[in-house]
Amino acid sequence: EFRAQYCDPQYAGPATTFRSDHAQAIEAGLVTPNAADVAQIRGLYYGGVAHADRQLAQVLDELERQGVLENTLVIYTADHGEELGDHDVWEHNHMFQTNLRVPLIMSWPRKLPKAARVGALVESVDIVPTVAELLGLVAPHEARADERGRSYGTLDGASLVALARGESAAAKPYSFAENGVEMSVQDLEWKLIVSTEGALEGRTPAQLATDKLVPRLFDLVRDPGELRNAFSPAHEQVARLLLVLQQWDATLPIPITDVILSERDKQQLKQRLNELGYFEGVGDKRTPQKQQ
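In terms of this note's numbering, the sequence shown is numbered consecutively and its last residue is 299.
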């Protein structure tokens, strides 16, 4: 019933389902979907979203039937969005907004306002401290610093309770993301995406420009679809956001140079380099040679 809402009943192509191995086959160039295939794949995804909504409705209906919904904290969120051919990539593990933006809906009639919408930046790491404050609990913390003073026991994130109640205009000025291959920083207007190749500390915008993976700067207000890369070493937003990203990176307990790429990360790096015209030989040290 959910496929029927979004998928063309006349479609007779091969995309009867869509899984990770299908996405990998497309990105590897083994399969080239046509317009009907893409529409079918997107229809399958939208049907999946509708099915998830139905399942959630059943849970909420049961809570209401038992008379406990009014005193139940309900949080609806997701771990990532999805690329469905946008930006010529598929599935997830990318730094585009289509992946990074996820739903976050919280409901607890006794503690949170009804139908409040918040436009400020928030992150998934904010959920645990938010729940802790709502439940009157002390957020978990462990004083365990490394030799550089970075704490392994500090809880990331900030409580969003004041934000939800309209008592605060913002919880944080920036949000961050990383996937082993790239990392990003954004505020409400700009986003910078850089390669994780090598140490980030001390690097300059000019040095970023020499990376195998091209840095990207997006104007999220004028280019919300992230279709025009505005990166330039001289762009003032690059210097500003790079400094913010370096400061954030320096607080993390595991340096980016110590992160070991998974097999999936290596394949993704290969794909990105192929798109940029580099050959396929990418090893653990991430030092590919350019094609002649």
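Glycine is no exception: its CB is placed at the ideal position from the N, C-alpha and C atoms.
Note down, in chain order, each residue of its chain lying with its Cβ closer than 7 Å to the Cβ of residue i, except the 5 sequence neighbours on either side.
| i | result |
| --- | --- |
| Y13 | G50, Y53, G54 |
| K118 | L141 |
| V96 | E34, E90 |
| V56 | none |
| K179 | L128, A165 |
| S5 | Residue 5 is absent from the model: the chain starts at 8 and stops at 299. |
| Y83 | L63, P110, I112 |
So, for residue i: in the same chain, excluding its five sequence neighbours on each side, which residues have a beta-carbon less than 6 Å away from its beta-carbon?
| i | result |
| --- | --- |
| V125 | L170 |
| D93 | T105 |
| D256 | L207 |
| L252 | V192 |
| N100 | N186 |
| A146 | P136, A139, L162 |
| V38 | A32 |
| V132 | D163, G164 |
| F183 | V192, W255 |
Report buried or exposed for residue i, applying the criterion of at least 16 other Cβ atoms within 10 angstroms of its Cβ.
| i | result |
| --- | --- |
| Q193 | buried |
| W276 | Going by the sequence as given, residue 276 is Leu instead of Trp. The residue in question, L276, is buried, as its Cβ has 16 or more Cβ neighbours within 10 Å. |
| S239 | exposed |
| S6 | As shown, the chain starts at 8 and ends at 299. That puts residue 6 outside it, with no answer to give. |
| K198 | buried |
| A19 | exposed |
| P120 | exposed |
| L144 | exposed |
| Q73 | exposed |
| S27 | exposed |
| I305 | Any answer about residue 305 is impossible in this case: the structure gives the chain only from 8 up to 299. |
| D153 | exposed |
| A206 | exposed |
| A11 | exposed |
| Q65 | exposed |
| V245 | buried |
| L63 | exposed |
| I267 | exposed |
| V201 | buried |
| T264 | exposed |
| T258 | exposed |
| T24 | exposed |
To the nearest whole angstrom, what separates the beta carbons of residue i and residue j, a pair I think is in contact under 8 Å?
| i | j | result |
| --- | --- | --- |
| P116 | E69 | Contact doesn't hold; Cβ gap of about 17 Å is too wide. |
| L80 | V129 | Rounded, the Cβ-Cβ distance is 16 Å, inconsistent with contact. |
| V135 | L162 | 7 Å |
| G110 | A85 | Note on residue identity: the sequence assigns Pro, not Gly, to residue 110. About 6 Å; that satisfies the 8 Å criterion. |
| A237 | L224 | 5 Å |
| H148 | G156 | That belief does not hold up - the Cβ atoms of H148 and G156 are roughly 16 Å apart, past 8 Å. |
| A30 | E98 | 4 Å |
| G88 | R108 | 6 Å |
| A216 | P222 | 7 Å |
Which same chain residues end up closer than 8 Å to residue i when comparing Cβ atoms and leaving out the 5 residues on each side of it in sequence?
| i | result |
| --- | --- |
| K292 | Any reading at K292 must be qualified, since the residue scores a pLDDT of 37, below 50, and its modelled position is unreliable; no value is offered. |
| A123 | A171, R172, G173 |
| P16 | none |
| L67 | L76, V81 |
| S47 | As written in the sequence, residue 47 is Gln, which differs from the Ser given in the question. Excluding sequence neighbours, Q47 sits near C14, D15, Y18, G20, A22. |
| R210 | L249, Q253 |
| P260 | D153, R157, S158, Y159 |
| H58 | F9 |
| H242 | P212, L224 |
Legend entry - Cβ contact check for the region 228-244 and the region 85-105: 3 or more pairs under 8 Å: Result yes; three or more Cβ-Cβ pairs closer than 8 Å.
Legend entry - Length at least 4, wholly inside the region 112-167: the alpha helix (DSSP H) runs in chain order: For the region 112-167, whole alpha helix (DSSP H) runs of length 4 or above, ordered along the chain, are 134-141.
Inset, instruction - Within the region 175-223, note down every full beta strand (DSSP E) run reaching 3 residues or more, in order along the chain. - result: Runs of the beta strand (DSSP E) inside the region 175-223: 182-185, 189-193, 197-202.
Inset, instruction - Tell me, please, whether the region 259-274 touches the region 181-191 by the rule of three or more beta-carbon pairs shorter than 8 Å. - result: Contact between the region 259-274 and the region 181-191 is established, with three or more Cβ pairs separated by less than 8 Å.
Inset, instruction - Write down every uninterrupted run of the beta strand (DSSP E) in the region 46-101 whose length is 3 residues or greater and which is fully enclosed by it, in chain order. - result: Within the region 46-101, the complete beta strand (DSSP E) runs of at least 3 residues are 81-84.
Inset, instruction - Report the residue ranges of all alpha helix (DSSP H) runs contained in full by the region 223-285; include only those spanning at least 4 residues, in chain order. - result: Qualifying alpha helix (DSSP H) stretches, in chain order: 243-258, 270-282.
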